[in-house]
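> Each residue of the sequence shown is one higher than the one before, counting from 1 in this note's numbering. Using N, Cα and C, we set each Cβ at its ideal position, and we do this for glycine too. Bear in mind the structure is a predicted one, so any value in this text is a computation, not a measurement. Before I ask anything, let me first share the structure, which is written out below as structure tokens.
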Amino acid sequence: MKEKDPSAMKYRQKLQRGMTYWRHKIGNPEFNHENFQIEYVEVIIPGLDPAFHNYRLLNLSDIHLGQWITPEHLEGVIKMANKEKPDSVTITGDFVSYILDDIAEDLENSLKKLKPKEYSFAVLGNHDHWLSAERIREILHRCNIIDVSNDLHTIYHEEAPLHIAGVDSVMLGKQRLDLVMKKLPEEGPAILLAHEPDFADISSTTGRFSLQISGHSHGGQFLIPGLGTFIRGPHFLKYPAGKYMVGDMVQYTSRGLGTNVFWLRINCAPEITVFTLKCPEEVL
Numbered sequence: 001m002k003e004k005d006p007s008a009m010k011y012r013q014k015l016q017r018g019m020t021y022w023r024h025k026i027g028n029p030e031f032n033h034e035n036f037q038i039e040y041v042e043v044i045i046p047g048l049d050p051a052f053h054n055y056r057l058l059n060l061s062d063i064h065l066g067q068w069i070t071p072e073h074l075e076g077v078i079k080m081a082n083k084e085k086p087d088s089v090t091i092t093g094d095f096v097s098y099i100l101d102d103i104a105e106d107l108e109n110s111l112k113k114l115k116p117k118e119y120s121f122a123v124l125g126n127h128d129h130w131l132s133a134e135r136i137r138e139i140l141h142r143c144n145i146i147d148v149s150n151d152l153h154t155i156y157h158e159e160a161p162l163h164i165a166g167v168d169s170v171m172l173g174k175q176r177l178d179l180v181m182k183k184l185p186e187e188g189p190a191i192l193l194a195h196e197p198d199f200a201d202i203s204s205t206t207g208r209f210s211l212q213i214s215g216h217s218h219g220g221q222f223l224i225p226g227l228g229t230f231i232r233g234p235h236f237l238k239y240p241a242g243k244y245m246v247g248d249m250v251q252y253t254s255r256g257l258g259t260n261v262f263w264l265r266i267n268c269a270p271e272i273t274v275f276t277l278k279c280p281e282e283v284l
């Protein structure tokens, strides 16, 4: 998909400001932790060293700050995240929607308050590119969040590695999995951050990733109990919400925090995800 048309972007910006106005009129701009759900997900990681057994990764996705997610909401989410005491944090893109100037300072101030024990990692989403990937990356840098878009970072515990890799926005054709694979050592388990979940069909074929973490879909925003969502779109046709097995790789798609344009969710609560990484039983 190409870059956003400027005239379409201006229309979306007007629409966002209008929706924000009505959210304050008929919605609830204040934070209530009951509106957000923490999902706890255990994932067995083949080859994981016992030094990483029970390692906790907390994932945030699709903040879309400035629409349904107000600065007050984000501050509350960060507090919820910190209470989980994660070892590291991952963020899988779409920090913003169609407006950046109004909320850049709030975004930076909130992200600086993330307090994992070790690291914070992120990749960008399509909306981040439509506005300004450069400015989002600058904010991440000032917040000590490692941008692993088309890159990777290795965490070491007792000399044992765990690779956290990422690809840039697939929707905009920015992904360079080939670059990631060139940098990725042959030894040590690897986790991939990819904003768009259906990229799992490609990443799983490498045989190098035990887990891909994604967002993008917002879970469809409308979930039918027992049936899932009927809302599908580009790059979330197959894996719109929750946990899947794609080959030998676990694909997890977060419902995300925010929404795009329309802030209504039905049976699809905003999500904070806590992954607990497990060694195979035979290793312990």
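Could you compute how far the alpha carbon of Lys182 sits from the alpha carbon of Arg137?
23 Å
> Once you ignore the five residues that flank Asn82 on each side, which residues in its own chain have a CB closer than 8 Å to its CB?
So the qualifying residues of the chain are Lys113, Leu114, Lys115.
> Tell me which residue opens and which closes the beta strand (DSSP E) that Asp151 is part of.
151-157
> Go ahead and pull the three-state DSSP assignment for Asp49.
It is coil, neither helix nor strand.
> With a 10 Å radius around its C-beta and 16 neighbouring C-beta atoms as the bar for buried, classify Thr90 as buried or exposed.
Classification of Thr90: buried, given that the 10 Å Cβ count is 16 or more.
> Excluding the 5 residues flanking Met80 on each side, which residues of the same chain have their C-beta closer than 8 Å to its C-beta?
Hits under 8 Å: His33, Phe36, Ile38, Ile272.
> Beta carbon of Asn150, beta carbon of Asp128: below 8 Å?
no
> In this structure, does DSSP put Ile272 in helix, strand or coil?
strand
> Relative to the C-alpha of Gly66, which residue among Val246, Glu105, Gln175 is closest?
Glu105
> Is the beta carbon of Gly166 less than 8 Å from the beta carbon of Val96?
The beta carbons of Gly166 and Val96 sit no closer together than 8 Å.
> On the three-pair Cβ rule with 8 Å, is the stretch 52-63 touching the stretch 239-246?
no
> Can you give me the Cβ contacts of Gln212 inside the same chain, cut-off strictly under 8 Å, excluding the 5 residues immediately before and after it?
Around Gln212: Ile191, Leu192, Leu193, Ala194, Pro197, Phe199, Ala200, Ser203, Ser204, Val246, Met249, Val250, Gln251, Tyr252.
> Scan the stretch 89-127 and note each continuous beta strand (DSSP E) run of 3 residues or more that stays entirely inside, going in chain order.
120-123
> Give me whichever residues DSSP pairs with Gln251 in a beta bridge.
Gln251 is bridged to Gln212, Tyr244.
> With DSSP run on the structure shown, which of helix, strand or coil describes Asn82?
helix
> Going by beta-carbon coordinates alone, are Ile63 and Asp102 separated by less than 8 Å?
no
> Cβ-heavy atom distance between Pro50 and the ligand MG below 7 Å?
Looking at this structure, you won't find the ligand MG or any other ligand, since it has none at all.
> Below 8 Å between beta carbons: does that hold for Pro189 and Ser210?
Remark: C-beta atoms of Pro189 and Ser210 approach each other more closely than 8 Å.
> With respect to the alpha helix (DSSP H) encompassing Ile202, which residues constitute its N-terminal and C-terminal limits?
200-203
> So, under 8 Å CB-CB, Leu118 and Ser88 are touching, yes? Tell me the CB distance rounded to an integer number of Å.
In the sequence under discussion, the amino acid at residue 118 is Glu, which differs from the Leu named in the question. With a Cβ gap of about 5 Å, Glu118 and Ser88 count as contacting.
> Anyone know if the C-beta pair for Val121 and Ile78 falls short of 8 Å?
A small fix is needed here, since residue 121 is Phe in this sequence, not Val. No, the pair does not count as a contact, with Cβ atoms beyond the cut-off.
> Based on Cα-Cα distance, which residue from Ser217, Arg208, Glu159 lies nearest to Leu177?
Arg208
> Which residue's Cα is closest to the Cα of Asn144: Leu172, Gly173, Lys238, Glu108?
Residue Glu108 holds the alpha-carbon nearest to the alpha-carbon of Asn144 among Leu172, Gly173, Lys238, Glu108.
> Near His157, what residues of its chain come up, given a Cβ to Cβ distance below 6 Å and the 5 sequence neighbours on each side ignored?
In chain order, Ala51, Phe52 place their CB closer than 6 Å to the CB of His157, counting only its own chain and leaving out the 5 sequence neighbours on each side.
> Given a cut-off of 8 Å, decide if Ser132 and Ser254 are closer than it, judged by their beta-carbon atoms.
Contact flag unset, no.
> Please report the residue range of the alpha helix (DSSP H) in which Glu138 lies.
Segment 133-142, the alpha helix (DSSP H) holding Glu138.
> Work out the CA separation of Gly258 and Thr70 for me, nearest whole Å.
9 Å
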